[in-house]
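In the numbering used here, the protein residues as written are 691 to 1311. Think of the CB as a built atom: it goes at the ideal place given N, C-alpha and C, for glycine as much as any other residue. Okay, so here's the structure we're looking at.
Listed below in structure tokens is the structure:
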């Protein structure tokens, strides 16, 4: 048989006997190896045919070897995997089954297998299943105002419904009337009717929902535009009232960290009120609105959504008509305060007018004021600084009526505030000494911001501040602004004067047009070390200084001006050449006199001449 394998015979090998099955495991391995070596030298078709023919024999031999090893208890070596085709696998299974039955009497017989698995004839002998009835779908037809379901066998009903539908299609008047609308369910709890004042316009409320800020929040963090967790039964079961009427208002914009309000001016000045209109941040960003803008807006009552509780009625701004007297688009194109070019104060701002007090004429001669001047009036207590500010305001309004004058009184006596409002032609913004520190600081910031917005609009503005020392005290005692961590001499915080310096330094003349003039008073000789430190911090920051003398005021000589110590920087830009020479010679002549004698002599000369021009000509002549 080995010789036949080597010669590559194509005849199939006879079936192996039981003795051949008990051969060692090496015999089929040699035959397998010899077949493989022989197949390498033959064409692919002959090799495939030989493998197909000998596959059943090799598999049967291997299965018999497993049975013999199972009887003797010898472990079988690991055999290599052999790929067998499907036809060869079926023949292999039948051969293995016959071998197992012949060798193992305990294996189930063919009869037992047939009993366990019923034959095809047994299955055919079962009774046939009952046929399933076909599914009949109903037919729907419209009868009147409803759809009716008909059985397919009800031909009369279907024909009648079709005839009725055709008649209605030909003549629509035959159609039955529509059924009545269902009644709305009654609310579980009693609903209070709403009045016209409690109704809002939905379109105005949409502006609130589009903005990410907490519009309508009074500072308690309770309002949310996109949250509504309360029962809205009143809206569901009642017809809304007509929208609230739109009213036109004018006020000053106050923008804080979380909201914007329209502040109103009343008899007490700039006082917050509970019904102040709220400005959506979307309008602020669209028109480039800034803190302190004077705006004319359209407002109406709007019901703002809240997280808890019912909706709250509130005045809301729904449109902007004008900003600082300009169209909103024109204002949005104007440059901001920080982008304006600052130049020297000029031209001259005259205070002299017919019948004016001597103080106005003396200031024009010795301390001229220009448009954009940053002036500092240094005064001890009871030196007449408040009266001097009133006289300056009258002189400016008399000679320059187009100038906007703002009187800012910080920590002032209440009677002085009343006197200013009654006798000074200016916008008086006051915070008396019976109010808290927050009011003092808020008033100072808002007044200067208002002046900046007027300056940006190209107008000339004058701010009369009384006093800069009290404003510095308010910022020093307010914990919000005194956060430097270091204390200077007199108990002054290192950062307490940061904002007051910015406010006083806002005065300037713009090359593009407009000016901001600030005349501020500063207290000295009060016995307070802090007041002296505040004066030293502001000393030299202005371009005009007017020094008042307490000794002159004690002699009841007014104005109590120390003429030798007072003056203006770059006064040649404000005075003519002849006037400048005359005033220089007059200063030299007055240096040899005591301060009160200087004022007495000059007041007498002013009273003798009708105006300053005549006085200068006579002194120079």
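query	result
The segment 1178–1185 touching the segment 1119–1131, judged by at least three CB pairs closer than 8 Å	no
CB contact check: residue 1188 to chain C, cutoff 8 Å	Note that chain C does not occur in the displayed structure, where there is just one protein chain.
DSSP beta-bridge partners of residue 1372	Any answer about residue 1372 is impossible in this case: the structure gives the chain only from 691 up to 1311.
Neighbourhood of residue 1299 by C-beta distance below 8 Å, restricted to the same chain and skipping five residues each side	1305, 1308
Residue 1295 - DSSP class collapsed to helix/strand/coil	helix
When 1173, 1291, 1260 are compared against residue 1063, the one with the closest alpha-carbon	1260
Other residues of its chain near residue 1173: CB distance less than 7 Å, five sequence neighbours each side excluded	1185
Beta-carbon gap between residue 1234 and residue 1065 smaller than 8 Å	yes
Beta-carbon proximity list for residue 1031, same chain, < 7 Å, skipping 5 on both sides	1200, 1201, 1202
Simplified DSSP assignment, three categories, for residue 1050	helix
C-beta atoms of residue 1252 and residue 1054 nearer than 8 Å	no
Identified DSSP bridge partners for residue 1207	1152
Helix, strand or coil at residue 1159 according to DSSP, with G and I counted as helix	helix
Closest by C-alpha distance to residue 1079, when choosing among 1215, 972, 966, 1211	1211
Cβ-based neighbour list, residue 1139, same chain, cut-off 7 Å, excluding 5 preceding and 5 following	981, 982
Counted within 10 angstroms of its Cβ, other Cβ atoms place residue 1163 as buried (16 or more) or exposed	buried
Cβ-based burial, residue 1287 [other Cβ within 10 Å; buried from 16]	exposed
For residue 1248 and residue 1297, the rounded distance between their alpha carbons	13 Å
Helix, strand or coil at residue 1237 [DSSP, three-state]	strand
Any non-hydrogen atom of the ligand NAP closer than 7 Å to residue 1265 Cβ	The ligand NAP is absent from the structure shown, which contains no ligands of any kind.
Delimiting residues of the alpha helix (DSSP H) encompassing residue 1227	1219–1228
Cβ-Cβ separation, residue 1106 to residue 1076 (assumed contact under 8 Å), whole Å	6 Å
Option in 828, 1141, 853, 1058 with minimal Cα separation from residue 1256	1058
Per-residue DSSP class, three states only, for residue 826	coil
When 1263, 1290, 1273, 1294 are compared against residue 1038, the one with the closest alpha-carbon	1263
Assigned secondary structure, residue 1308 (DSSP; H/G/I helix, E/B strand, else coil)	helix
Best match in 1051, 1148, 988, 1074 for proximity to residue 1093 [C-alpha to C-alpha]	1148
Element boundaries [beta strand (DSSP E), containing residue 988]	984–994
Inter-residue Cα distance where the pair is residue 1084 and residue 992	44 Å
For residue 952, the three-state DSSP class (helix, strand or coil)	strand
Strand pairing of residue 1032, partner residues [DSSP]	1200
Local Cβ density within 10 Å of residue 1033, reported as buried at 16 or more and exposed below that	exposed
CB of residue 989 within 8 Å of CB of residue 939, strictly	yes
Residues near residue 1145 by beta carbon distance below 6 Å, same chain, minus five either side	1151, 1204, 1206
Residue closest to residue 858, alpha-carbon to alpha-carbon, out of 1241, 870, 834, 947	834
For residue 1006 and residue 968, believed in contact at Cβ under 8 Å, the rounded distance	6 Å
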